[in-house]
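The listed protein sequences derive, respectively, from chains A and B.
Numbering that gives the first Met the number 0 numbers the first residue of the first sequence as 0 and each following residue consecutively.
Numbering that gives the first Met the number 0 numbers the first residue of the second sequence as 0 and each following residue consecutively.
Protein chains: 2
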Amino acid sequence: MSKVGIFDSGLGGLTVARAIARRFPASNLIYLGDTARLPYGAKSEEAVTRYAVRCVRYLVELGAETIVVACNTASACALPTLQATYGKTRVLGVIEPGARAAVAATTSGAIGVIGTERTVSSRGYHNAIAALAPDARVTALATPVLVPLVETGWIDHPVTRLTIETYLQELHSAAPGIDTLVLGCTHYPVLRTLLTELTTAIFGRTVHLVDSAEAIAEALAPALMGLRSGDRQGGLGERHFAVTDLPASFAKVAATFWPETLPPVEAVDLTMD
Amino acid sequence: MSKVGIFDSGLGGLTVARAIARRFPASNLIYLGDTARLPYGAKSEEAVTRYAVRCVRYLVELGAETIVVACNTASACALPTLQATYGKTRVLGVIEPGARAAVAATTSGAIGVIGTERTVSSRGYHNAIAALAPDARVTALATPVLVPLVETGWIDHPVTRLTIETYLQELHSAAPGIDTLVLGCTHYPVLRTLLTELTTAIFGRTVHLVDSAEAIAEALAPALMGLRSGDRQGGLGERHFAVTDLPASFAKVAATFWPETLPPVEAVDLTMD
């Protein structure tokens with residue numbers, strides 16, 4: 000039975016796990032959130048790579064045959080190292096599928112990307128989009144305040160609205176022709192309602208929002224073929240959730256993301272050894 | 000020559016280091032910022048204690064005779080463990096000095112505390128203030144969005160103003176009689192101008208703001224007696240700065256905090272061993 004390991008710095012990757020579970024209900028999923036070391040977004044490439052390598056080793060030890068790096072920052076920094084160890088087909092990041100979806104969606108060829116400082120400075124989306132569509136113009140903006148706003152639960156809040164306005168106005172000044180915006184961090188889809196309203200207001204047109212969760216589920220189709228409608232009676236594969244710190248907080252917030260009853264969240268110690 | 004080790008999760012403790020350097024110029028200071036694992040504020044007590052123990056061991060190995068835990072979260076979580084290992088007089092936290100300054104400043108007996116989630120949930124300020132003034136009424140509020148706003152450099156920014164207004168209105172609803180507010184996180188003194196303006200507007204009186212940096216420098220007087228005006232020609236002790244990630248970013252921001260030229264910032268690997 001195919002086992003998929005999904006790794007994120009914290010909670011955000013649950014949107015990815017949910018998209019996979021919805022599309023391939025019979026797949027067995029192991030989710031790992033590195034909550035002891037989050038957030039990754041403002042740390043160095045070396046530190047993020049070190050953490051990602053440790054986390055992926057844990058998933059492999061538990062039997063994951065396919066690994067999804069659901070964190071954009073970790074995808075941007077650590078994917079080459081991880082793929083060198085485990086093979087290119089076995090470890091998937093979120094950036095390439097997101098870039099593919101953006102290229103498919105844009106008409107103007109002007110694509111915006113918002114993400115953490117490290118994701119933006121890595122130029123991961125620039126490179127992935129350029130490989131698919133050399134003529135596309137990519138404008139990326141680091142929006143580091145959004146993750147703490149989501150984590151504090153200020154989803155539909157005046158502070159979050161003003162923060163998004165500030166960032167989108169900066170993006171609009173740099174590239175007014177954007178018709179597609181990549182949500183380059185797994186936390187951002189939670190802000191979709193505000194982002195839809197404010198991109199329309201500030202860019203004066205409907206801006207297509209790209210959420211990599213759906214894109215990565217699509218990219219898994221070759222590996223998970225046949226698990227679409229369930230291999231077994233009942234149809235649902237196993238679900239296993241683990242975090243490196245604060246399992247109770249994780250379980251509480253995860254319950255709002257996850258439609259079925261969440262199994263107990265395990266606390267694992269992945270301090271470097 | 001007395002050597003003081005100052006430890007914080009990141010940059011914030013530089014306000015403490017600077018207060019010590021100003022008061023005792025001839026003291027030798029070693030500063031360690033655990034930037035690989037920051038922020039501490041939303042992590043578990045166990046994780047924060049584990050990190051603090053590792054960081055303090057590093058400072059002791061470098062010869063620090065007195066240790067200042069400049070991080071409020073680490074002071075709230077890890078001080079008993081650290082003092083059990085190194086002795087009560089050798090390891091000082093920021094909470095007790097801050098509580099002492101708040102009790103000295105209040106007239107109404109109503110004291111507010113703002114800090115990270117972990118600092119507030121630990122009830123460290125409640126306990127420290129109760130030990131000094133059993134009749135004082137303490138109201139503490141977690142204000143987790145402020146640290147990322149400071150770190151992103153939005154010091155005098157509409158988003159920061161609206162965030163502080165939101166938090167202070169919540170604090171005012173809970174305890175309108177507050178006349179003293181403890182800035183229970185080393186990042187907050189950077190927001191002093193906005194905090195002064197908005198506490199006055201919302202509470203309708205001058206609210207005394209307690210910054211633990213000055214309080215901790217005062218608490219060090221017995222250990223650093225004689226270093227006030229300089230023991231040696233020239234008068235300045237040694238300064239040593241180290242971080243666990245991103246030394247270049249640290250040096251850049253630290254330069255705005257530190258009046259003299261900063262010596263090179265060392266990167267140290269304190270992964271758990």
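Backbone N, C-alpha and C define an ideal beta-carbon position, used for all residues, glycine too.
This structure is a prediction, so every number in the text was calculated from the model and none was measured.
Closest Cα partner of residue i within the set the options
i	options	result
threonine 48 of chain B	B:Val68, B:Leu61, B:Val59 and B:Pro24	B:Val68
leucine 193 of chain B	B:Arg160, B:Ala139 and B:Val112	B:Arg160
glycine 4 of chain A	A:Ala129, A:Met224 and A:Asn27	A:Asn27
leucine 245 of chain A	A:Gly32, A:Arg17, A:Gly11 and A:Gly203	A:Gly32
phenylalanine 249 of chain B	A:Ala25, A:Ala16 and A:Ala41	A:Ala41
valine 267 of chain B	B:Leu261, B:Ala18, B:Leu13 and B:Thr34	B:Thr34
alanine 75 of chain A	A:Thr151, A:Gly108, A:Gly114 and A:Met224	A:Gly114
asparagine 71 of chain A	A:Cys184, A:Ala253, A:Ala218 and A:Thr260	A:Cys184
aspartate 134 of chain A	A:Thr118, A:Val102 and A:Thr142	A:Val102
threonine 199 of chain B	B:Trp257, B:His186, B:Ala216 and B:Asp178	B:Asp178
valine 149 of chain A	A:Phe6, A:Val55 and A:Val252	A:Val252
isoleucine 29 of chain A	A:Ala46, A:Val59 and A:Pro143	A:Val59
leucine 131 of chain B	B:Ala104, B:Val119, B:Ala139 and B:Lys2	B:Ala104
leucine 182 of chain B	B:Val209, B:Leu197 and B:Glu196	B:Val209
glycine 152 of chain B	B:Phe23, B:Thr255 and B:Ala83	B:Thr255
valine 52 of chain A	A:Ala25, A:Phe23, A:Gly62 and A:Val90	A:Val90
tryptophan 257 of chain B	B:Leu269, B:Thr243 and B:His239	B:His239
threonine 84 of chain A	A:Gly97, A:Ile66 and A:Arg99	A:Ile66
alanine 139 of chain A	A:Pro24, A:Arg122 and A:Tyr50	A:Arg122
leucine 81 of chain A	A:Leu61, A:Ala98, A:Arg99 and A:Cys54	A:Cys54
leucine 235 of chain B	B:Arg99, B:Ala222 and B:Thr260	B:Thr260
histidine 207 of chain B	B:Ala100, B:Ala63 and B:Lys87	B:Ala100
alanine 127 of chain B	B:Tyr50, B:Leu78 and B:Leu223	B:Leu78
arginine 22 of chain A	A:Met224, A:Arg204 and A:Thr165	A:Met224
DSSP-derived helix/strand/coil call for residue i
i	result
alanine 25 of chain A	coil
valine 144 of chain B	coil
arginine 238 of chain A	strand
glycine 12 of chain B	coil
valine 267 of chain A	coil
alanine 41 of chain B	coil
glutamine 232 of chain A	Caution applies to glutamine 232 of chain A, whose pLDDT of 47 falls short of 50 and renders its modelled position unreliable; the model cannot decide the point.
aspartate 272 of chain A	Only weak support exists for where aspartate 272 of chain A lies, its pLDDT of 45 falling under 50; the value from the coordinates is given anyway. Three-state DSSP puts aspartate 272 of chain A in coil, outside helix and strand.
threonine 118 of chain B	helix
threonine 34 of chain B	coil
glycine 123 of chain A	helix
alanine 135 of chain B	coil
isoleucine 113 of chain A	strand
isoleucine 154 of chain B	coil
arginine 17 of chain A	helix
is_contact[residue i, chain E] using C-beta, thresh 8 Å
i	result
valine 144 of chain A	Protein chains in the displayed structure are A and B, and chain E is not among them.
Backbone CA spacing between residue i and residue j [nearest angstrom]
i	j	result
leucine 145 of chain B	threonine 162 of chain B	8 Å
isoleucine 201 of chain B	tyrosine 39 of chain B	29 Å
alanine 214 of chain B	glycine 176 of chain B	24 Å
histidine 304 of chain A	glutamate 44 of chain A	As shown, chain A starts at 0 and ends at 272. That puts residue 304 of chain A outside it, with no answer to give.
alanine 18 of chain B	valine 264 of chain A	44 Å
serine 8 of chain B	alanine 241 of chain B	12 Å
leucine 108 of chain B	phenylalanine 6 of chain B	Per the sequence presented here, residue 108 of chain B reads as glycine, with leucine not at that position. Each residue's Cα considered, the two are about 31 Å apart.
serine 211 of chain A	leucine 219 of chain A	12 Å
alanine 20 of chain B	proline 143 of chain B	29 Å
glycine 229 of chain A	glutamate 237 of chain A	Note that glycine 229 of chain A scores 48 on pLDDT, short of 50, meaning its location in the model is unreliable and no value can be drawn from it.
glycine 305 of chain A	leucine 180 of chain A	Only positions 0 to 272 of chain A appear in the structure, and residue 305 of chain A is not among them; the question remains open.
valine 93 of chain B	alanine 16 of chain B	12 Å
valine 119 of chain A	serine 1 of chain B	44 Å
glutamine 168 of chain A	proline 157 of chain B	14 Å
valine 95 of chain B	tyrosine 124 of chain B	The identity of residue 95 of chain B in the sequence shown is glutamate, whereas the question assumes valine. In a straight line, the C-alpha of glutamate 95 of chain B is about 8 Å away from that of tyrosine 124 of chain B.
threonine 14 of chain B	glycine 11 of chain A	33 Å
alanine 216 of chain B	arginine 136 of chain B	26 Å
aspartate 155 of chain A	leucine 190 of chain B	25 Å
glutamate 196 of chain B	glycine 97 of chain B	21 Å
heavy atom of the ligand ZN below 7 Å from residue i C-beta
i	result
tyrosine 57 of chain B	Of ligands this structure carries none, so the ligand ZN is not represented either.
- Taking only runs of the beta strand (DSSP E) that begin and end inside the segment 44-111 of chain B, which ones reach a length of at least 3 residues, in chain order? DSSP runs (the beta strand (DSSP E)) wholly in the segment 44-111 of chain B: 65-68 and 90-92.
- Query: Which of the residues in the segment 24-47 of chain A, read from start to end, lie with their CB under 9 Å from any CB of chain B?
  - Reply: Answer in chain order: Thr34, Ala35, Arg36, Leu37, Pro38, Ala41, Lys42, Ser43, Glu45 and Ala46.
- Can you list the beta strand (DSSP E) stretches of 3 or more residues lying completely in the segment 159-224 of chain B, in chain order? DSSP runs (the beta strand (DSSP E)) wholly in the segment 159-224 of chain B: 179-183 and 207-210.
- Query: Residues in the segment 227-261 of chain B with C-beta within 7 Å of chain A's C-beta atoms, listed in sequence order?
  - Reply: Along the segment 227-261 of chain B, the positions whose C-beta sits under 7 Å from a C-beta of chain A are Asp244 and Leu245, read in chain order.
- Query: Any residues in the segment 164-189 of chain A with a beta carbon nearer than 7 Å to a beta carbon of chain B? Which ones, in chain order?
  - Reply: Of all residues in the segment 164-189 of chain A, Thr165 have a Cβ within less than 7 Å of some Cβ in chain B.
- Which residues, in order along the segment 77-94 of chain A, keep a beta-carbon less than 7 Å from a beta-carbon of chain B? Near chain B, meaning a CB-to-CB distance below 7 Å, no residue of the segment 77-94 of chain A qualifies.
- At a Cβ cut of 7 Å, what residues of the segment 47-62 of chain A count as close to chain B, listed as they run along the chain? For the segment 47-62 of chain A, which is checked against every Cβ of chain B, not one residue is closer than 7 Å.
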